Amino acid sequence: MPLLQDRIVIITGPSSGIGYETLRQLVLSSAHVYMFGRNLDKLRATASTIAAECRRELAGLAVGHARYGAEVGRMTPVQCDLGSLDSVQRAVDEFLSKEERVDVVLCNAGVMESGKTVDGYEIMWGTNVLGHHALLRLLLPALQASARLRNSAVTGETRVVLTSSDTHRWINKPSHLTPAGLDNPDRAGLGYVHLYGRSKLGNILTAKTLAAASDAHNWGITVASAHPGGVKSQLGSTNSLLTRLKNWFLVPATLGAVTQLWAATAANSELIHGRYLVPWAAVGEESDLAKDPSVAQTAWDWCEQQCTKHGLNLQDWP
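Each residue of the sequence shown is one higher than the one before, counting from 1 in full-length UniProt numbering.
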């Protein structure tokens with residue numbers, strides 16, 4: 001990773017798992033990171049812990065290390081519940097009251113549980129996909145401002161990375177993403193684990209559509225989705241037995257953060273733009289359904305309609 005002293009970064013879900021490790025590495029690289037999460041107390045505790053960890057680690061570096069002399073990056077907690085579109089709007093408004101641009105957005109947060117969002121959507125699609133869609137659309141002017149400042153059409157420095165998963169392959173029919181099925185998960189005919197896979201497919205589709213829009217309008221925003229690998233995490237943690245069993249076979253979060261950090265800071269932008277990335281720091285191949293532009297457009301249009309219905313102040317496409 002390069003040093004990121006002048007970079008402004010947003011990450012969702014930074015308090016645990018790969019989000020925590022991703023945040024730690026960004027702070028070690030001197031970035032100013034805005035931490036978007038549901039629980040402000042937890043965000044503040046995370047920031048305090050990471051600041052202490054990073055001060056110790058940077059103080060112990062030898063002369064010649066790539067991070068020698070680097071300062072601990074700043075962290076700014078922002079309350080944001082991705083399951084509430086009103087909360088997403090308030091979080092972006094708070095961010096934009098402090099900053100005019102954002103250089104990197106890491107859509108890292110995710111839930112794997114049953115239920116509905118505050119707005120009444122199936123919770124995994126409503127949080128993992130719709131919440132991040134709304135966040136990115138509201139942040140679009142700030143991303144465009146970064147791209148202009150950094151000449152990102154040439155440098156590729158302004159980036160968006162959405163955390164996906166190979167579980168997206170569990171969904172293999174366009175009928176699983178019809179507007180009726182998105183409105184009512186019972187109509188999609190999917191069980192709990194497949195609904196999670198559908199949300200991870202949605203993250204890939206969001207990345208592809210945003211990447212295509214960036215190309216069409218010459219925004220210079222590099223966009224990719226990333227599969228972190230089988231990583232120990234709190235996903236599914238409401239089932240403690242399942243969590244203990246699956247964590248026997250999974251790698252630590254330090255490895256899980258590698259691919260999305262590479263995408264956000266170090267990878268060649270032309271190599272990763274619009275692509276699905278896999279462990280460790282490589283370009284992979286997504287499913288055939290994930291490559292279908294009509295499926296991507298259906299999912300995007302549905303998200304746009306929900307945002308409009310809830311009165312979000314979205315910028316129109318040029």
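The beta carbon of each residue, even a glycine, is placed where N, CA and C say it ideally should be. Quick caveat: nothing in here was measured; it's all calculated off a predicted structure.
Original post:
Taking the DSSP output, what are the residues bridged to Arg159?
Top reply: Val104 and Thr222
Subject >> Selection from Lys173, Ser287, Arg44 and Trp170 that minimises the alpha carbon distance to Ser225 >> reply: Ser287
Subject >> Between the CA atoms of Val92 and Val139 - distance to the nearest angstrom >> reply: Sequence inspection shows Leu at residue 139; the Val mentioned does not correspond to that position. Cα to Cα, Leu139 sits roughly 7 Å from Val92.
**OP:** Rounded to whole angstroms, what's the CA-CA distance from Thr163 to Gly202? Just pull it up for me.
**Re:** 10 Å
**OP:** Pull up the distance between the alpha-carbon of Met124 and that of Gly64, whole angstroms please.
**Re:** Here the alpha carbons of Gly64 and Met124 stand approximately 45 Å from one another.
Original post:
With a cut-off of 8 Å, do at least 3 Cβ pairs link the region 32-45 to the region 53-69?
Top reply: no
Original post:
What are the boundary residues of the beta strand (DSSP E) that includes Gln79?
Top reply: Gln79 -> beta strand (DSSP E) spans Met75 to Gln79.
**OP:** Grab the span of the alpha helix (DSSP H) containing Thr49 for me, first residue to last.
**Re:** Leu40 to Ala59
Original post:
The beta strand (DSSP E) with Ser192 in it runs from where to where?
Top reply: Strictly speaking, residue 192 in this sequence is Tyr, with Ser absent from that position. Where Tyr192 is concerned, there is no enclosing beta strand (DSSP E), although the alpha helix (DSSP H) it sits in stretches over Tyr192 to His217.
Original post:
Does the Cβ of Pro141 lie closer than 6 Å to at least one heavy atom of the ligand ATP?
Top reply: This structure does not include the ligand ATP; it has no bound ligands of any sort.
Subject >> For Ile221 and Ser175, believed in contact at Cβ under 8 Å, the rounded distance >> reply: Taking 8 Å as the upper bound for CB-CB distance, Ser175 and Ile221 are not in contact here, some 31 Å apart.
Original post:
At a cut of 8 Å, does the region 270-285 reach the region 191-211 through at least three beta carbon pairs?
Top reply: yes
Subject >> For Gly156, the nearest candidate out of Trp219, Gly126, Leu3 and Gly189 (CA to CA) >> reply: Trp219
Original post:
If you draw a straight line from the alpha carbon of Ser165 to that of Asn313, how long is it in whole angstroms?
Top reply: The alpha-carbon atoms of Ser165 and Asn313 are separated by roughly 30 Å.
**OP:** Report the three-state DSSP secondary structure of Glu122 (helix, strand or coil).
**Re:** strand
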